[in-house]
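**Q**
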Amino acid sequence: MLSRIASVFKKKKGLQKPQLPVAPPYFDSDYYLATYADVAQAGMPAWEHFYHHGYQEGRWPCQLKAVQAEALLWTQATQSQAEQQLWQLTQSSNEAEKTSAAWFLARWHAALGQWQQVHQALSCYVGSARPMPGLMAPHLLWVEVLAKQKNTTHALAYLEQLKARYGDRVELILTRMNHIAQPKDHALPWKELSQHYDAAGLMGVRSQPLSGQSLFDGLQSTELLRTTSNDFLDVESPPLVSVIVPAYNAEKTILTTLKGLQAQTWSYLEILVVDDASSDNTAALVAELALQDPRIRLIAQALNKGAYHARNVGLAQSQGQFITVHDSDDWSHPQKIEQQLRPLLQQPALQVTLSHWVRASDDLQLGNWSSPEDWNGLVHRNVSSLLMRRAVFNELGFWDDVVCSADTEYYYRVLKAYGAAAVYEVHPGLPLAFGRVREDSLTQRSATHIFTIFSGLRHDYSKAYHRWHESSPKKQYLYMPQHMDTRVFEVDARMLRKPDHS
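full-length UniProt numbering numbers the first residue of the sequence shown as 1 and each following residue consecutively.
1. Can you list, in chain order, the residues of its chain with a C-beta nearer than 6 Å to that of E70? Leave out the 5 residues immediately preceding and following it.
2. Using a Cβ-Cβ cutoff of less than 7 Å, which residues in the same chain neighbour R59 once the five nearest sequence positions on both sides are dropped?
3. Count the other CB atoms within 10 Å of the CB of H483; is the residue buried (16 or more) or exposed (fewer)?
4. Within the segment 31 to 117, note down every full alpha helix (DSSP H) run reaching 4 residues or more, in order along the chain.
5. Determine the extent of the alpha helix (DSSP H) in which residue 503 is found, giving its start and end residues.
6. Across which residues does DSSP place V243 in a beta bridge pair?
7. In angstroms, rounded to a whole number, what distance separates the CA positions of D276 and E251?
8. Suppose you measure from the CA of L298 to the CA of A247; what does that come to, to the nearest Å?
9. Considering only C-alpha positions, which residue in the set A155, L364 and P25 is nearest to W331?
10. Tell me which residues share the same chain as S361 and place their Cβ nearer than 6 Å to its Cβ, disregarding the 5 neighbours each side in the sequence.
11. For E490, count the other beta carbons within 10 Å of its own beta carbon; 16 or more makes it buried, fewer makes it exposed. Which is it?
12. In terms of residue numbering, what span does the alpha helix (DSSP H) encompassing I337 cover?
13. Can you tell me where the alpha helix (DSSP H) holding Y410 begins and where it ends?
14. Buried or exposed for K150, please, with buried defined as at least 16 other CB atoms from any protein chain shown within 10 angstroms of its CB.
15. Note down, in chain order, each residue of its chain lying with its Cβ closer than 7 Å to the Cβ of S370, except the 5 sequence neighbours on either side.
16. Do you know whose CA, among S318, G54, V379 and Q213, lies nearest A391's CA?
17. Spatial neighbours of E83 within its chain, please: CB distance less than 8 Å, with the 5 preceding and 5 following residues excluded, ordered by chain position.
18. Excluding the five sequence neighbours on either side, which residues of its own chain have a C-beta within less than 8 Å of the C-beta of V39, listed in chain order?
19. Starting from the Cα of V426, find the closest Cα among G167, E409 and S385 and give me that residue.
20. For K98 and W190, I'd like the C-alpha separation in whole angstroms.
21. On the three-state DSSP scale, how would you describe M177?
22. Over the uninterrupted alpha helix (DSSP H) stretch that includes A155, give me the two end residues.
23. In three-state DSSP terms, what is V205?
24. Which of helix, strand or coil does DSSP assign to S384?
25. Have a look at the DSSP bridge pairing and note the partners of M480.
26. For E288, name the three-state secondary structure that DSSP assigns.
27. Excluding the 5 residues preceding and the 5 following A42 in the sequence, name in chain order all residues of the same chain whose CB lies nearer than 8 Å to its CB.
28. Give the DSSP-derived three-state secondary structure of L255 in the structure shown.
29. State the DSSP-derived secondary structure class of R4, mapped to helix, strand or coil.
30. K474 to A417, Cα distance in whole Å?
31. Please determine, among A310, E223 and L457, the residue with the shortest C-alpha to C-alpha distance to Q264.
32. Would DSSP call F216 helix, strand or coil?
33. Exposed or buried, R467, counting other C-beta atoms within 10 Å across all chains shown (16 or more means buried)?
34. Could you tell me which residues DSSP puts in a beta bridge with F434?
35. Pull the bridge partners of T353 from the DSSP assignment, please.
36. Does the Cβ of Q116 have 16 or more other Cβ atoms within 10 Å, making it buried, or fewer, making it exposed?
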């Protein structure tokens, strides 16, 4: 199956410029060049670009009914009609329509946990010689389907086929970890994953939980703590990095987070834990650890006001030349801060850096098919990892004090203010953090569910902040104060917490 795909889309070895096959009837050069301005600007013929690059990048070859129907799938009023249309398109003679509709349906039903429908839809995709889009993610979802059917042998065999096609990619290793039944067999994929870290000059990662710990809480480096190499520093004293950790009822996870920060090779940190009026033992655990490590400081809130309000409290009290944040239930690679700081110290034009992450459950099931962010790959940009110069905070101000999505707003605010050249992603495709997936997280709640990025609260918020960004001709108009009598842009009232919330 995969060999047929490879025969169509893979370059032949030994030929610098293989002869292009004839474009399929559905390929629309005018659409492709009009839709993808970068291709038009490069001057490359549309079909040549799609054949060599666009297919693997997940670009569309023509205007597809399936794409239009999928957009309606996320609006409750049109959901049923859109789903029906997509199922009809899986019977189309147009291979692009058929397979793209199959992928849209498969990820939709996977997000809903309806695995029989996922199998039915995705069978159309993996059975095609030229499925659209040409991403690896649909194949990873097929592995998940096979595993759900208790067909682990077939799932692992399919992974081997993917490895032959794509190479020993990080996401294939992570997927393999999810479906190895015997604990004794887990050492090999961890070793393979660590080879990717080693190739990037980083320490490897493994899970070695203590008695009673989850696999997630057992995450650690494969090496003893390294000290930071200062060979890239041309300053007399290393700059301080402020790490803001908002925490609410995090007694089960906060120690993993803080111990991960204590293990950072960049040791010049102030770790500001803002306890958002937790009703559990969070504050006491942090206070006890702070007695042992003066870099940790507890900031206690009298009232629960939300994660972004807590971040802003920490931001207002931070002293570092550089600032970043860290969720209270995640774990970071010990070189994460060092690796994100290094480019900022070496390149004055850079304003912020980010890194990538993978989502994981307590038992280290990696990836999360209920999150649209994972649909293009298990490892992706972590907007919460943003590490910025203090000058950025001085110019752009605080996070928006809303209930969700303020990370993404700040990221796009930075892009608008400084341009893409001022933002650098460190080790893309390699997870420098593991984000814990919990059923009670904000992204799983109805009004703020992650699906509302397509239609609903998050979608409307995204449109609102983009309008604000685009209407602000200069950086000073993008400054957001910590406290606003009048908001700089209007949002749905549900995005705001009640002032008297306690």
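Cβ coordinates follow ideal geometry from the N, Cα and C atoms, glycine included.
**A** According to the structure shown:
1. F104
2. Y36 and F50
3. exposed
4. 37 to 42, 46 to 49, 65 to 72, 79 to 89 and 95 to 111
5. As shown, the chain starts at 1 and ends at 502. That puts residue 503 outside it, with no answer to give.
6. I271 and T324
7. 12 Å
8. 10 Å
9. L364
10. V437
11. exposed
12. K336 to Q346
13. A406 to Y418
14. exposed
15. A111
16. S318
17. L73, L105 and W108
18. Y32, L33, A46, H49 and G54
19. S385
20. 37 Å
21. helix
22. T152 to Y166
23. strand
24. strand
25. G397
26. helix
27. H49
28. helix
29. With a pLDDT of 45 at R4, under the threshold of 50, the modelled position of this residue cannot be trusted; read the value that follows with caution. If DSSP states are grouped into helix, strand and coil, R4 belongs with the helices.
30. 7 Å
31. E223
32. helix
33. exposed
34. W331 and V358
35. L387 and Y424
36. exposed
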